[in-house]
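Chains as they are written, first to last, in this note's numbering: chain A, 1021 to 1406; chain B, 1021 to 1406.
Just so it is clear, CB atoms sit at the ideal spot from N, CA and C, and this is done for glycine as well.
There are 2 protein chains.
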Amino acid sequence: MPTRRVFLTAAAGVPLAAKAMTRAELPTPALLLDLDAFNANVERMAGFLKKQGRAFRPHAKTHKCPEIARRLIEAGAVGACAAKISEAEALAGGGVTGLLLTSAMVGRWRIERAVRLARRHPETIFSVDDAANARDLNDAAGAARLKLNLAIDLLVGNRTGIEPGERAAELARLIVKLPNLKLAGLQSYSGNSSHVIGFEERRRFSRAAMARAVETRQRIEKSGIACPLVTGGSTGTYNIDSEIDGITEIQPGSFMFMDLDYNRIGGAGGPVYRDFQNALTVLTTVISKPAKDNAIVDGGFKAFSTDKPFPPEAKGLTGVSYAWAGDEHGKLTAAGGGPVPVELGDRVEFIVPHCDPTVNLYDFIQVMKGDAVVAVWPITARGRSQ
Amino acid sequence: MPTRRVFLTAAAGVPLAAKAMTRAELPTPALLLDLDAFNANVERMAGFLKKQGRAFRPHAKTHKCPEIARRLIEAGAVGACAAKISEAEALAGGGVTGLLLTSAMVGRWRIERAVRLARRHPETIFSVDDAANARDLNDAAGAARLKLNLAIDLLVGNRTGIEPGERAAELARLIVKLPNLKLAGLQSYSGNSSHVIGFEERRRFSRAAMARAVETRQRIEKSGIACPLVTGGSTGTYNIDSEIDGITEIQPGSFMFMDLDYNRIGGAGGPVYRDFQNALTVLTTVISKPAKDNAIVDGGFKAFSTDKPFPPEAKGLTGVSYAWAGDEHGKLTAAGGGPVPVELGDRVEFIVPHCDPTVNLYDFIQVMKGDAVVAVWPITARGRSQ
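Here it is, written out as structure tokens:
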């Protein structure tokens, strides 16, 4: 596995992390990736979907890192999903092809940037769930003398999209009539399926949601319109949705890193979801021991995302709990209120509650082989939420 | 008020925000600062503390922006507090002087960087709460042939620090004995005081906490050791702690931006804290209207910090509630379940639950005068949590 090392200096306005070559030397808090676990996760997902005969377009909103997107393509992915146009631009700038934008391009500035991206990367697919927006995209594409590939975003979850069935079919008919648009297919993501606890329950939930996408595809094709793509699925449903006839492509993200939230949903084999390994951690340092019964580490709200109702879990420190102690700090306590088995300067590593928004807090991923930092990957699309 | 405009391009790897000159043109989500409200907040705090005869060293962990730190110094601040060494480096690199590090410098890499900063900025004050760490700092300072100014971090809140009283006095005696250290005074931040609901209750709580700092200062000075500095206080206690004899300096942060959390603590004049104006907002766009009773905006976990138990509040849209809908999206609903009064493409602006970690999600602050973007300030220390 080739690795690259990016040398960074304080003078260039970036952290000195790259100078530290081992876990013990890294400035903290730091975002760590266990390379072997990451590679195993990627191989497992890519291999599984290949066997299932489904395309694999992993979601880059999880990693925001062109290096990772390129590695996923090397492993068999057809491209990368991106949540936002600015994220897609960062990926394209890093040599990533086969982009699929999973949110609608609403707003003049966003349409202009979509057209600019399509000029350089004509294979890019954009999502749409509204007729007026489709007309705006058609006009902008016409002015730029190009054609835009569109996927109709279906409301099969609890977020964005047009009602599946006749309303979606009507939008498909409009798209094929407009001269500067091409219908790529259906974007069919059901976010609320992904986190249903229990494999069987999750399967029932996701099959019901995705059935509406498959039915919509049939309805569109019956009217003589080609609808080659139906993309959906997630880390929670990759082995559910890829069993459904008519779903052509799976777009999981978290599987490569994993987090406590996905561990909790339960797997096909038991109550803890263990299909993929926890490859992502945050490394902290104990910077204060105000009393015997607690210790303060240097990571708080700015080191971990806080959108889940549970805190980070210390790796290899059983019986020790983390609680947020503000923007910059976390407090460790021991079960039963006894002494916490850490000393000032000790390093404590945490599995994160939710990987995507945690990655979005860091500029770099420290890539680890055992205790050695073997590469530093820039999270180029960090903060690109536009 | 002079403003500067930074021109940015997609090619340079940064958002195109600076090309947009009005609120209607800004790519979203965007972090907005109302310049008039910000200036009024700064003048009010600086003026109040000047009248109280206390030094003003606002905390830069809130804004992470050298431009803002410089403006605060122009308004009368003696410098800036920084939570972490990497944050302090970014401020120093932006011409900010009078830095006070409010967390301990634990770890070899951190001590090395502290010494490097002290070489360029000998006035910098570092916090310490442990004798062994003080000895390490002394050794590193000696090797670099310089002296480090230390403030003893007191445990007057619920986070870091050494027990006030005799244990702290003992550390003071050690510091003055070590040849390469100088005692600047006491760092006395009580984070749990700041958020006590109700002004009178908060005053009682903060006075009890700060009394321990004042007593510790007296104890140290009785033994013949000068202890000129006692710094503490916050946006919640600036008008409480600045009334206490022996507190020399106040280090508030949130006052310049304000957020929903501070609005909720109650002020001296009533149940809503209105000493400072809500100057900071996040601008979003409605990108999907999946049904009449809800609308989806393009800001979620990556656009707002989620560490408070309440969501962002839409500005000027009464009866409309925001709920997080994942990493990239938020869902608007109307009270009573009726139609939401927004259309696709509409812009919705939000007051944020918690300003500091929200600012830490953005690379730039869009500085507004009415609807015009009059400047773009880089949040240079964003992500500098090390």
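Grab me the residues of residue i's own chain with a C-beta within less than 8 Å of its C-beta, minus the 5 sequence neighbours each way, in chain order.
{"i": "Met1021(A)", "result": "Low confidence applies to Met1021(A): its pLDDT is 36, below 50, so where it sits in the model is not reliable, and the reading given next is rough at best. Hits under 8 Å: Leu1055 and Asn1059."}
{"i": "His1374(A)", "result": "Asp1279, Leu1280, Asp1281, Ser1325, Asp1327 and Lys1328"}
{"i": "Leu1175(A)", "result": "Asp1149, Gly1181, Ile1182, Glu1183 and Pro1184"}
{"i": "Thr1117(A)", "result": "Ile1093, Gly1099, His1141 and Glu1143"}
{"i": "Gly1131(B)", "result": "Here the sequence assigns Ile to residue 1131(B), which means Gly is not the residue at that position. For Ile1131(B), where only same-chain residues beyond five positions count, the Cβ hits under 8 Å are Met1125, Asp1156, Leu1157 and Ala1160."}
{"i": "Arg1294(A)", "result": "Asn1283 and Gly1287"}
{"i": "Ala1031(A)", "result": "Reliability fails at Ala1031(A), whose pLDDT of 35 lies under 50, so the model's placement of it is uncertain and the value that follows must be treated cautiously. Closer than 8 Å at the Cβ level, and outside the excluded window around Ala1031(A), lies no residue."}
{"i": "Glu1363(A)", "result": "Val1306 and Lys1309"}
{"i": "Phe1068(A)", "result": "Tyr1258, Asn1259 and Ser1262"}
{"i": "Gly1346(A)", "result": "Gly1320 and Phe1321"}
Using the C-alpha atoms, what's the distance from residue j back to residue i?
{"i": "Leu1036(B)", "j": "Glu1109(A)", "result": "Any reading at Leu1036(B) needs caution, since the residue's pLDDT is 44, under 50, leaving its predicted position unreliable; the model's value is listed next. When rounded, the distance between both Cα atoms is 11 Å."}
{"i": "Arg1140(B)", "j": "Leu1166(B)", "result": "11 Å"}
{"i": "His1349(A)", "j": "Gly1319(A)", "result": "5 Å"}
{"i": "Gln1406(B)", "j": "Gly1365(A)", "result": "14 Å"}
{"i": "Met1276(A)", "j": "Asn1061(A)", "result": "5 Å"}
{"i": "Gly1390(B)", "j": "Phe1384(B)", "result": "18 Å"}
{"i": "Ser1308(A)", "j": "Ala1315(A)", "result": "6 Å"}
{"i": "Arg1367(B)", "j": "Ala1050(B)", "result": "11 Å"}
{"i": "Ala1171(B)", "j": "Leu1194(B)", "result": "13 Å"}
{"i": "Thr1338(A)", "j": "Pro1332(A)", "result": "13 Å"}
{"i": "Cys1247(A)", "j": "Ser1210(A)", "result": "19 Å"}
{"i": "Arg1222(A)", "j": "Ala1231(A)", "result": "14 Å"}
{"i": "Met1388(B)", "j": "Leu1053(B)", "result": "6 Å"}
{"i": "Arg1136(B)", "j": "Ile1371(B)", "result": "39 Å"}
{"i": "Ala1204(B)", "j": "Ala1334(B)", "result": "45 Å"}
{"i": "Lys1084(B)", "j": "Ile1399(B)", "result": "6 Å"}
{"i": "Ala1103(A)", "j": "Arg1404(A)", "result": "9 Å"}
{"i": "Val1034(B)", "j": "Pro1086(A)", "result": "Note on Val1034(B): pLDDT 41, under 50, position unreliable in the model; no value is reported."}
{"i": "Pro1199(B)", "j": "Ser1123(B)", "result": "22 Å"}
{"i": "Gln1207(B)", "j": "Thr1251(B)", "result": "5 Å"}
{"i": "Lys1242(B)", "j": "Ser1147(B)", "result": "22 Å"}
{"i": "Tyr1342(A)", "j": "Gly1356(A)", "result": "14 Å"}
{"i": "Ala1075(B)", "j": "Phe1296(B)", "result": "19 Å"}
{"i": "Thr1082(B)", "j": "Gly1290(A)", "result": "44 Å"}
{"i": "Asn1169(A)", "j": "Lys1202(A)", "result": "5 Å"}
Quick one: what's residue i bridged to in DSSP?
{"i": "Gly1252(B)", "result": "Ser1208(B) and Ile1270(B)"}
{"i": "Gly1287(B)", "result": "Gly1290(B)"}
{"i": "Ile1260(B)", "result": "DSSP output for Ile1260(B) lists no bridge partner at all."}
{"i": "Trp1344(A)", "result": "Gly1350(A)"}
{"i": "Phe1146(A)", "result": "Leu1170(A)"}
{"i": "Ile1385(B)", "result": "Trp1397(B)"}
{"i": "Thr1304(B)", "result": "Val1368(B)"}
Between which residues of its own chain and residue i is the CB-CB distance below 6 Å, once the five residues before and five after are set aside?
{"i": "Pro1359(A)", "result": "Lys1312"}
{"i": "Tyr1258(A)", "result": "Ile1270 and Pro1272"}
{"i": "Asn1380(A)", "result": "Arg1402"}
{"i": "Thr1023(B)", "result": "Note that Thr1023(B) scores a pLDDT of 39, beneath 50, so its modelled location is shaky and nothing firm can be said."}
{"i": "Ser1213(B)", "result": "Phe1225, Ser1226, Ala1229 and Thr1257"}
{"i": "Gln1072(B)", "result": "Ser1262"}
{"i": "Arg1133(A)", "result": "Ile1105"}
{"i": "Ser1254(A)", "result": "Ser1214 and Pro1272"}
{"i": "Ala1164(A)", "result": "Val1135"}
Quick one: using the 10 Å Cβ neighbour count with 16 as the cut-off for buried, is residue i buried or exposed?
{"i": "Gln1010(B)", "result": "Lying outside 1021 to 1406, the shown extent of chain B, residue 1010(B) is not represented and no answer is given."}
{"i": "Ile1217(B)", "result": "exposed"}
{"i": "Arg1128(A)", "result": "exposed"}
{"i": "Ala1376(A)", "result": "The sequence given here places Asp at residue 1376(A); Ala does not occur at that position. Asp1376(A) is buried by the Cβ-count criterion."}
{"i": "Asp1156(B)", "result": "buried"}
{"i": "Gly1078(B)", "result": "The sequence shown places Pro at residue 1078(B), rather than the Gly named in the question. Under this definition Pro1078(B) is a buried residue."}
{"i": "Ala1323(A)", "result": "buried"}
{"i": "Gly1244(A)", "result": "exposed"}
{"i": "Gln1386(B)", "result": "buried"}
{"i": "Leu1119(A)", "result": "buried"}
{"i": "Phe1330(A)", "result": "exposed"}
{"i": "Lys1197(B)", "result": "exposed"}
{"i": "Val1292(A)", "result": "exposed"}
{"i": "Gly1115(A)", "result": "exposed"}
Using a Cβ-Cβ cut-off of 7 Å (strictly less than) and excluding sequence neighbours within five positions of residue i, which residues of its own chain qualify?
{"i": "Gly1336(A)", "result": "none"}
{"i": "Ala1392(A)", "result": "Met1041 and Thr1042"}
{"i": "Ala1188(B)", "result": "Ile1172, Leu1174, Ile1182 and Thr1236"}
Check whether the region 1040-1049 of chain B touches the region 1264-1271 of chain B, counting contact only when three or more Cβ pairs, one atom from each stretch, lie closer than 8 Å. No contact exists between the region 1040-1049 of chain B and the region 1264-1271 of chain B.
Between the region 1295-1302 of chain B and the region 1218-1235 of chain B, are three or more C-beta pairs nearer than 8 Å? Between the region 1295-1302 of chain B and the region 1218-1235 of chain B there are fewer than three inter-stretch CB-CB distances shorter than 8 Å, so the stretches are not counted as touching.
Is it a yes or a no for the region 1096-1111 of chain A touching the region 1147-1157 of chain A, going by three-plus beta-carbon pairs under 8 Å? no
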